[in-house]
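Q: Sharing a structure here in structure tokens format.
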DNA sequence: GATTAAATTAAACGCATGTTTAAAATGTGT
DNA sequence: ACACATTTTAAACATGCGTTTAATTTAATC
């Protein structure tokens, strides 16, 4: 599924053979991910990425083709883990006799936390990438998600309808988008919020705490009669 | 409160004397507002604004000093109407004996709709401007709002606490930010959503409908025990 | 070890941005 | 009508961006 320029044979990927230094591709991908999650896609320049990754400016276009393609590659690395995991969790809910909204949203927790396998703070990074993907107008990302994982999202919608049979299609439509808004915003402004919270309430806050609060909130909003 | 360059005497503002054409300042302000609300602050260039306003490129810097100052002037025009109106509505709730969350959020409705006095679609524009102000990193705008209208926002927080005495400070903190997120997102993605909704449900959607749905949703999320 | 393919590099390209400059035009007060 | 302040204008400036080019270095293949 990788969109990388293949250049005939693509044997020596992933890790440089003799050196203990990761390959140029991986260095770009890792640095881009870190900076994208920190500042957003548009705010991060290729010069910034290549400088911090200690690779040549032109290598991004050589290996990925364009900045857009690099963005997609960064996001795809998480999507390819998250979406199948979510899919499995949602399937587990199909047999549930008395399905609740909270159950549906809690099905997100394991897939989200599994992203910490990709990176130490993978959950946080993924959600922030997602946030920027929606708040900046990265139409190509939305289209990619829709076409690659549209079936999973439809499954989600069906389960929410089952948990809230009294809600009209129209109401569900709006509320689901509000849910998305609260989620995205929480992540994009997340770091600032965490710092404020830390100062104000004098206790440690982490991404897990935020997600717990968020799930309760969005379930409450969505279930409102 | 205007940050405009005064240049000694500032007599001939607002409207050009002999011509029936609005002054350069007003033309810039109106066009900038329209484009900012449509595309966001960063996505809108001064060249785009001045071209559509039919004024010279340099006049923005002459009259406003910088793009940042122009952004602030555009937002301030709405804030200066909205915040006092909200303040008054909130004061009206001080004497309420059994205050509910829904009441607090419904206090936003009149101030919001009053913005249609500034422009035909003032409510929509204001909310979208607000959305971009938060989703783009316009730190100076956040600081301006906080310093100019911080007292009103604190009043709001106090009322919400009164309506939800069982909610801890910490929970209120998070939920209020989720509320903000849902609101902002609804507006920034608003036009796209309205069009989707129109196509999907085959009926007319306007900003008022969105706000009605939103208020119910956020009240539900915030009240969740 | 020669030959080919892949990867890296420094430099430039083309374009767009916000801002500044200095001259010209317009308006104002006496 | 003059002198002065204000506004408008066209042009250039400085900077940053993504991308492309062409030469060089490195790696793989026979």
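Chains as they are written, first to last, in our numbering: chain A, 180 to 404; chain B, 180 to 404. We put the beta carbon where it would ideally sit given N, CA and C, even for glycine. As the structure is a computational prediction, the values presented were derived from the model and not from experiment.
For residue 246 of chain A, which of A:278, A:395, A:358 and A:212 has the nearest alpha-carbon?
A: Checking every option, the nearest Cα to that of residue 246 of chain A belongs to A:212.
Q: Within 9 Å of any Cβ in chain A, is that where the Cβ of residue 243 of chain B sits?
A: Residue 243 of chain B does not count as touching chain A.
Q: Within 9 Å of any Cβ in chain A, is that where the Cβ of residue 135 of chain B sits?
A: Residue 135 of chain B is absent from the model: chain B starts at 180 and stops at 404.
Q: Could you check if residue 289 of chain B is buried or exposed, using at least 16 other CB atoms within 10 Å of its CB as the buried criterion?
A: It is exposed - the Cβ of residue 289 of chain B has fewer than 16 other Cβ atoms within 10 Å.
Q: Between residue 272 of chain B and residue 278 of chain B, is the Cβ-Cβ spacing less than 9 Å?
A: A contact, by the Cβ cut-off of 9 Å.
Q: So, is residue 337 of chain B buried or exposed, given that buried needs 16 or more other C-beta atoms within 10 angstroms?
A: Residue 337 of chain B comes out exposed.
Q: Within the segment 252–339 of chain A, note down every full alpha helix (DSSP H) run reaching 4 residues or more, in order along the chain.
A: Complete alpha helix (DSSP H) runs here, min 4: 280–285, 288–293 and 301–314.
Q: State buried or exposed for residue 226 of chain B, treating a residue as buried only when at least 16 other CB atoms are found within 10 Å of its CB.
A: With fewer than 16 Cβ atoms within 10 Å of its Cβ, residue 226 of chain B is classed as exposed.
Q: Taking just the CA atoms, how far does residue 339 of chain B sit from residue 257 of chain B?
A: Going by the C-alpha atoms only, they are around 24 Å apart.
Q: Rounded to the nearest angstrom, what separates residue 311 of chain B and residue 207 of chain B at their Cα positions?
A: Each residue's Cα considered, the two are about 19 Å apart.
Q: Near residue 315 of chain B, what residues of its chain come up, given a Cβ to Cβ distance below 7 Å and the 5 sequence neighbours on each side ignored?
A: Cβ within range, chain order: 219, 220 and 221.
Q: Classify residue 391 of chain A: buried if its beta carbon has 16 or more other beta carbons within 10 angstroms, exposed otherwise.
A: When all chains shown are included, residue 391 of chain A counts as exposed.
Q: Going by DSSP in three states, residue 209 of chain A sits in which element: helix, strand or coil?
A: Reduced to three states, the DSSP call for residue 209 of chain A is helix.
Q: Using three-state DSSP, classify residue 343 of chain A as helix, strand or coil.
A: The answer is coil: DSSP assigns residue 343 of chain A none of H, G, I, E or B.
Q: Starting from the beta carbon of residue 397 of chain A, find every residue of chain B whose beta carbon is closer than 8 Å, and list them in chain order.
A: 357 and 400, listed in chain order.
Q: How would you list, in chain order, the residues of chain B whose beta-carbon sits under 8 Å from the beta-carbon of residue 363 of chain A?
A: Within chain B, the residues near residue 363 of chain A are 360 and 364.
Q: Express the C-alpha separation of residue 313 of chain A and residue 365 of chain B in angstroms, rounding to a whole number.
A: Going by the C-alpha atoms only, they are around 12 Å apart.
Q: With residue 329 of chain B and residue 403 of chain A assumed to form a contact (beta carbons below 8 Å), what rounded beta-carbon distance in angstroms separates them?
A: About 30 Å; that fails the 8 Å criterion.
Q: Taking only beta-carbon positions, decide if residue 285 of chain A is within less than 9 Å of chain B.
A: By this cut-off, residue 285 of chain A is not an interface position.
Q: Do residue 393 of chain A and residue 342 of chain A have their C-beta atoms closer together than 9 Å?
A: No. Outside cutoff.
Q: Compute the Euclidean distance between the alpha carbons of residue 397 of chain B and residue 401 of chain A, then round it to the nearest angstrom.
A: Answer to the nearest angstrom: the Cα atoms are 9 Å apart.
Q: Step through the CB atoms of chain B and report whether any lies within less than 9 Å of the CB of residue 202 of chain A.
A: It does not: the Cβ of residue 202 of chain A has no partner Cβ on chain B nearer than 9 Å.
Q: Less than 6 Å between C-beta atoms, sequence neighbours within five positions excluded: which residues of the same chain meet that for residue 264 of chain A?
A: Cβ within range, chain order: 290 and 293.
Q: For the putative contact between residue 254 of chain A and residue 214 of chain A, defined by C-beta atoms under 8 Å, what is the C-beta separation to the nearest angstrom?
A: Actually they are not in contact, since the Cβ atoms of residue 254 of chain A and residue 214 of chain A sit about 14 Å apart, beyond 8 Å.
Q: For residue 365 of chain B, does the three-state DSSP call read helix, strand or coil?
A: Helix, per DSSP.
Q: Does the separation of the CB atoms of residue 303 of chain A and residue 386 of chain A fall below 9 Å?
A: It is a contact, given that the beta carbons lie within the stated cut-off.
Q: In terms of residue numbering, what span does the alpha helix (DSSP H) encompassing residue 226 of chain A cover?
A: Residue 226 of chain A -> alpha helix (DSSP H) spans 225–232.
Q: Of all the CB atoms in chain A, is at least one closer than 9 Å to the CB of residue 315 of chain B?
A: So yes, residue 315 of chain B belongs to the interface.
Q: So is residue 332 of chain B in contact with chain A if we call contact Cβ pairs under 9 Å?
A: So, not an interface residue.
Q: By alpha-carbon positions, which one of B:200, B:357 and B:305 ends up nearest to residue 453 of chain B?
A: A question about residue 453 of chain B goes unanswered here, because the residues of chain B that appear run from 180 up to 404.
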